[in-house]
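Chemist:
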Amino acid sequence: MNFDFSDDQKLLQKTARDFLEERSPLAVNRNVLESDLHYDADLWSAAAEMGWQGATIPEEYGGAGFGYLELVLIAEEVGRSLAPIPFDSSVYLATEAILLAGNPEQKKNRLSALAAGEAIGTLALAEGRGEVHPNNIETRFEGGKLTGTKLAVANGNTASFAIVAAKAGDGVALALVDLSADGVTRSPVDSIDPTRSIANIEFKNTPAEPLGDAGQGWEVLQRVLDRGAIMLAFEQLGGASHVLELTKDFTMGRYAFGRPIASFQAIKHRLADLYAAVELAKSNCFYGAWALSTDSDELGIAACNARVSASTAFDLGAVEMIQMYGGVGYTWEYDCHLFYRRAKHDSVVLGSPAEWREKLVQRLVAKNAA
Amino acid sequence: MDFNDTPEEAEFRAEARTFLDKHVRPLKPGETAGGVLERDDPEIVKQAKEWQACKKDNGWACLTWPKEFGGRAVASNLNVVWNQEEGKYATAANIFGIGIGMLGPTIMAHGTDAQKSQHLERMARGDDVWCQLFSEPSAGSDLAGLRTSAVKDGDDWLLNGQKIWTTGAQFSEWGMIVTRTDPNVAKHAGLTYFIVDMKSPGIEIRPIKQINGDSGFNEVFFSDTRVPDSNRVDAVGNGWAVALTTLMNERSSIGAGGGGMRAEDLIRLAQDCTLNGRPAIEDSAVRQKIANFYVNASGLKYTGYRTLTALSRGTTPGPESSIGKMVGAPMAQELGSFATELMGITGSQISGPQETYLGSPGLRIAGGTDEILRNILAERVLRLPPEPRMDKKVAFREIPTAPPGK
Ligand SMILES: Cc1cc2nc3c(=O)[nH]c(=O)nc-3n(C[C@H](O)[C@H](O)[C@H](O)COP(=O)(O)OP(=O)(O)OC[C@H]3O[C@@H](n4cnc5c(N)ncnc54)[C@H](O)[C@@H]3O)c2cc1C
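Protein sequence lines, in the order shown, are assigned to chains V and Y.
Here the first sequence stands for residues 33 to 402, numbered as in my numbering.
Here the second sequence stands for residues 156 to 561, numbered as in my numbering.
What follows is the structure, given as structure tokens:
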């Protein structure tokens, strides 16, 4: 049994943490939040120089060719520091989609730009409130032209290209589209976490190319989302662990009724529960990392476990953090809201935990029947 | 990352299976392993002892114990491999957990050479069953508040008082007891730890019926019960330190108490039950609930893998291993409760889920309540400040035990 990361992998993680502690303290996140920047471009290029964006991209396409076990540990640190870079949509989703379904030409054109941080990719999925389902996709992709409107596209303000789920004939296809192309209108909308800026994007007869085989779009999308869910779960895990540490330290230093508030059982027990939630998430994330790195049959179930568990831990942490900080926790000046924003954004950006619970049961029922 | 056995683990697993195949049969589908003894049935006690002796004679008992005490000194990861394999077979009840898991290590750490040679080998072989006489009617979570007294009388000690919730006392040969030897000093300082022969005159054992109808535990009364001084474990007044050794071993041996039912069983049940004219598994509230159980149960399972990895490498598992019972026991209760409700009117008939429902409250109390486990986690793992204490520096006899005027 060896259910842990190797020493080399942990060293890489430590390097990532040190780097982000220096280059991306929470002040950097706040700076992006309070301006119209959408992300920190310097940090983004520095990350690319270290090979983060290209972690899983083969070297022939300009990637660093590390591997998934390395990437998830970087993700954990990105999540821990709330780094304001569009890592999620670009690295976990767009890159993954092209790796999984791209033709040689697409790989050649897109992957090196992604690895170098010159391109930012995203997925454009939602068209209305609630889950994304083949039945509620109306955007059409026909004759190389894309028409329709996508909502709350992650990093929609900054992405250079999008992978769009659209109807082609009766099925769902994925269309790869440059966001600088004709017939694209982006409208920025307010994001719950402005360091993950979002936009509604309208396509009107926009030229686009198919990604992957026609008719396979939905399946490919599910695979991309499963893989992305595991990577994002590590970000959530990093965020949740950081929240636990900060909240613990705060409650030790804050005195009330002549005692540190951390000595009150009502506080202690909730921190113990948060600790348990973080550890459960960590274990489920580890399992996800294993499934991802081995492309296991368990990947679908592991992705649901990791996503639900990590969302639960980060959401719980963010909620409890503000409560345990008291009044200052509800101020703009304190950092609690940075976590509170990111936690909720992360919970919904790949579909809500409720959707992933539903997916989990579908998969378990299928597995039991097999 | 790799879930496969190391070559050493694989070899040990194969060896274990060979032994098990020779002596016991694999479980049939739906059958559960021997588990713990709840009723005072001499035939079950006899079978349990025979199976333990068979394991001992073939080198499969007390695997982690040092060889000099009848163990095999294998690393903890191999012990886990053994437990996994033994759990797949229809073995006899295990009535040796408290002794081998908790009291044996206490004797090794604090006992005299004479105590070690008198007891450990017999304990390992299952010749003697042991019980833990700690809790009292007024001292459970606050264990150090116990009142059973031990007073020196020549070379003996005279014990008087009452213990309660003593699992297995009815068929135990020996017990380990914490007593108060000095009520005039602070609470933790006045305690002394003994080994007691359960057949001694002056001991009366009365079974207590649990909420599930079983009688696993007992009240034990001591009236002028003689215990020779040679049965004292460690120094007079040092009982608390010895008791802590027992408790540490207790918390590491009580794992994630699943309480029988698993999330997968719940799926099958939900396919069988109907809600709103459809199989309940199609109901989305039911599905959401099942998913949560599965995610948390998986988290516990993989936390166990992390612990096992640390053990495989010969390092100490991290603090994450302490969440098992704290998360697992309430989850078993919720699972039993939810599954019972899913069954509608027939939910009131005892089958699997009802047993989980009736048994799980005990899991949340035995070996430290949910609240005490949270205190321990908060103080030892998260290093939060300890509870302020009203009783620490006061002589034991002056500590209030009830509302004023009662
Ligand atoms: C199935 C079973 C088997 C057992 N087997 C044995 C055995 O073999 N040997 C043995 O010695 N004992 C045994 N016990 C006893 C067990 O260890 C105690 O029941 C347990 O420690 C709780 O003590 P109590 O029952 O006195 O409850 P109390 O300590 O009175 O607790 C009552 C409630 O108060 C809460 N509480 C108490 N102190 C605190 C605190 N500081 N902060 C917050 N909440 C607190 C508890 O969490 C609980 O909810 C067994 C119990 C059970 C249920």
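Glycine residues also receive a C-beta, built at the ideal position from the N, C-alpha and C atoms.
How would you call ASN400(V), buried or exposed, if buried means at least 16 neighbouring beta carbons within 10 angstroms?
Modeler: exposed
Chemist: Alpha carbon to alpha carbon, how far is ASP39(V) from SER467(Y)?
Modeler: Straight-line spacing of the CA atoms in ASP39(V) and SER467(Y) works out to 16 Å.
Chemist: Looking at the unbroken alpha helix (DSSP H) that takes in ARG172(Y), where does it start and where does it end?
Modeler: 162–178
Chemist: Can the beta-carbon of PHE372(Y) be found less than 8 Å from the beta-carbon of VAL200(Y)?
Modeler: No, these two residues do not count as a Cβ contact at 8 Å.
Chemist: Mind the definition here: the region 149–166 of chain V touches the region 212–220 of chain V only if three or more C-beta pairs lie below 8 Å; say whether that holds.
Modeler: no
Chemist: Report the three-state DSSP secondary structure of ILE250(Y) (helix, strand or coil).
Modeler: ILE250(Y) falls in the coil class under three-state DSSP.
Chemist: Can ALA48(V) and LEU75(V) be called in contact, C-beta distance under 8 Å?
Modeler: no
Chemist: CA-CA distance, ALA272(V) and TRP320(Y)?
Modeler: 40 Å
Chemist: Would you identify the three-state DSSP class for ILE262(Y), choosing helix, strand or coil?
Modeler: helix
Chemist: Return no unless some Cβ of chain V is closer than 8 Å to the Cβ of ILE520(Y).
Modeler: no
Chemist: My parser needs the alpha helix (DSSP H) runs of 4 or more residues fully inside the region 112–196 of chain V; what are they?
Modeler: 127–133 and 144–147
Chemist: Counting only the same chain and skipping the five closest in sequence on each side, list residues whose C-beta sits under 6 Å from that of ARG280(Y).
Modeler: ALA208 and LYS211
Chemist: Quick one: using the 10 Å Cβ neighbour count with 16 as the cut-off for buried, is PRO226(V) buried or exposed?
Modeler: buried
Chemist: Taking the alpha-carbon of ASP311(Y) as reference, which of VAL340(Y), ASP337(Y) and ASP384(Y) has the nearest alpha-carbon?
Modeler: ASP384(Y)
Chemist: Is the beta carbon of LYS139(V) less than 8 Å from the beta carbon of TYR71(V)?
Modeler: no
Chemist: Put ASP378(V) into one of helix, strand or coil per three-state DSSP.
Modeler: helix
Chemist: Let me check one thing: in DSSP terms, what residues is GLY203(V) bridge-paired to?
Modeler: ALA200(V)
Chemist: In terms of alpha-carbon separation, which member of LEU264(V), LEU183(V), ARG172(V) and GLY358(V) lies closest to ALA240(V)?
Modeler: ARG172(V)
Chemist: What does DSSP give as the partner residues of GLY147(Y) in its beta bridges?
Modeler: The first residue shown for chain Y is 156 and the last is 561, placing residue 147(Y) beyond what the model contains.
Chemist: Excluding sequence positions up to five away, which residues of its chain have a Cβ less than 6 Å from the Cβ of ASN431(Y)?
Modeler: none
Chemist: Check for me: the beta strand (DSSP E) holding VAL382(Y) runs from which residue to which?
Modeler: Unbroken beta strand (DSSP E) run through VAL382(Y): 372–383.
Chemist: Do THR303(Y) and LEU313(Y) have their C-beta atoms within less than 8 Å of each other?
Modeler: no
Chemist: For a contact defined as C-beta to C-beta under 8 Å, what are the partners of SER370(Y) on chain V?
Modeler: Going along chain V, no residue has its Cβ under 8 Å from SER370(Y), so there is no contact; the nearest lies around 33 Å.
Chemist: Could you give the DSSP three-state label for ASP329(V): helix, strand or coil?
Modeler: Annotated three-state conformation of ASP329(V) is coil, per DSSP.
Chemist: Taking the alpha-carbon positions, what's the SER223(V) to PHE448(Y) distance?
Modeler: If I take the Cα positions, the gap works out to 32 Å.
Chemist: Kindly indicate if chain Y contains any beta-carbon less than 8 Å away from that of LYS139(V).
Modeler: no
Chemist: Check the Cβ-Cβ distances between HIS165(V) and every residue of chain Y, and say whether any is below 8 Å.
Modeler: no
Chemist: In its own chain, which residues sit with a C-beta less than 7 Å from the C-beta of LEU301(Y), not counting the 5 before and 5 after it?
Modeler: GLU291, ALA294, VAL333 and ARG335
Chemist: Find out if the Cβ-Cβ distance for the pair ALA197(V), GLY153(V) is shorter than 8 Å.
Modeler: No, these two residues do not count as a Cβ contact at 8 Å.
Chemist: Apart from the five residues just before and just after ILE422(Y), which ones in its own chain have a Cβ nearer than 7 Å to its Cβ?
Modeler: ILE436 and ILE445
Chemist: Below 7 Å, is the gap between the Cβ of LEU288(Y) and the nearest heavy atom of ligand 1?
Modeler: yes
Chemist: Checking contacts by CB at 8 Å: is ASN410(V) closer than that to chain Y?
Modeler: In the structure displayed, chain V extends from 33 to 402; residue 410(V) sits before or after that span and is not available.
Chemist: According to DSSP, simplified to helix, strand and coil, what is SER272(Y)?
Modeler: helix
Chemist: Between GLU374(Y) and ligand 1, is the CB less than 7 Å from at least one heavy atom?
Modeler: no
Chemist: Output the residue ranges of the beta strand (DSSP E) runs that lie fully inside the region 225–269 of chain V and measure 3 residues or longer, sorted by chain position.
Modeler: If we require 3 residues or more, the beta strand (DSSP E) runs fully inside the region 225–269 of chain V come out as 230–239.
Chemist: Taking DSSP as the reference, what is the three-state secondary structure of SER408(Y)?
Modeler: The predicted position of SER408(Y) is uncertain, since its pLDDT is 49 and thus under 50; no value can be drawn from it.
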